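These notes concern the structure reproduced below.
Numbering (this note's numbering), first residue to last: 6 to 184.
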């Protein structure tokens with residue numbers, strides 16, 4: 006009986022379907038979890054999916070990126086205790102923590118640990134953007150490489166016109182990302 010149950014689910018097709026489902030969930034997210042950034046090179050496409058997901062499901066958290074969070078202070082300029090937070094303070098605090106949590110969930114840990122930030126949602130987001138763009142030298146080299154790609158662009162023998170146009174359009178989109 007146990008073997009029949011196992012065999013019903015442990016087929017090669019079931020493994021492929023599970024892998025495809027996991028990839029799809031990482032790519033687009035689900036109702037409960039945001040899309041996942043697995044490689045920094047995929048940042049540009051992921052950024053759009055992540056922004057849409059957060060704006061659709063956690064809008065208050067998205068608003069936390071507008072400015073750096075500062076813990077509320079009392080009349081004497083001292084930080085308030087959590088129990089002294091007003092409703093507005095609580096909303097700002099939970100929105101900030103939610104956005105940090107979403108970023109931690111959405112960015113692969115190998116990437117996240119390399120970010121230099123000040124533990125605010127906004128600083129994490131800006132560090133992620135900077136990590137994608139790279140240093141000034143990297144940007145300069147990337148632009149030079151793309152320019153060279155344009156200069157050397159030709160259709161390959163046996164390549165269809167559609168494939169050539171697709172490759173060219175992809176190159177144009179890459180160029181627009183770096184200008």
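Virtual Cβ for every residue (Gly too), placed ideally from N, Cα, C.
Only a predicted model underlies this, so the values are computations on that prediction, with no experimental measurement involved.
Per-residue burial, residue 74 [other beta carbons within 10 Å of its own, 16 or more giving buried]:
buried
For the alpha helix (DSSP H) that contains residue 74, what are its first and last residues?
Here residue 74 belongs to no alpha helix (DSSP H), and DSSP marks it neither H nor E.
Assuming residue 147 contacts residue 70 (C-beta within less than 8 Å), just tell me the rounded distance between them.
So it is not a contact: roughly 26 Å between Cβ atoms.
Have a look at residue 151 and residue 173 and give me their C-alpha separation to the nearest angstrom.
12 Å
Hey, residue 39 and residue 110: beta-carbon distance below 8 Å or not?
yes
Length of the line joining the Cα atoms of residue 90 and residue 97
10 Å
Quick check on the burial criterion: 16 or more other C-beta atoms within 10 angstroms. Buried or exposed for residue 112?
buried
Span of the alpha helix (DSSP H), counted from its first residue to its last, around residue 135
126-138
How would you write the range of the alpha helix (DSSP H) that residue 155 sits in, first residue to last?
141-156
Please identify the residue among 68, 181, 95, 100 whose C-alpha is closest to the C-alpha of residue 78.
95
By how many angstroms is the C-alpha of residue 82 removed from the C-alpha of residue 48?
40 Å
Can you tell me whether residue 195 is buried or exposed? The criterion is at least 16 other CB atoms within 10 Å of its CB, across all chains shown.
Residue 195 cannot be examined here, being either before or after the span of the chain that is shown, 6 to 184.
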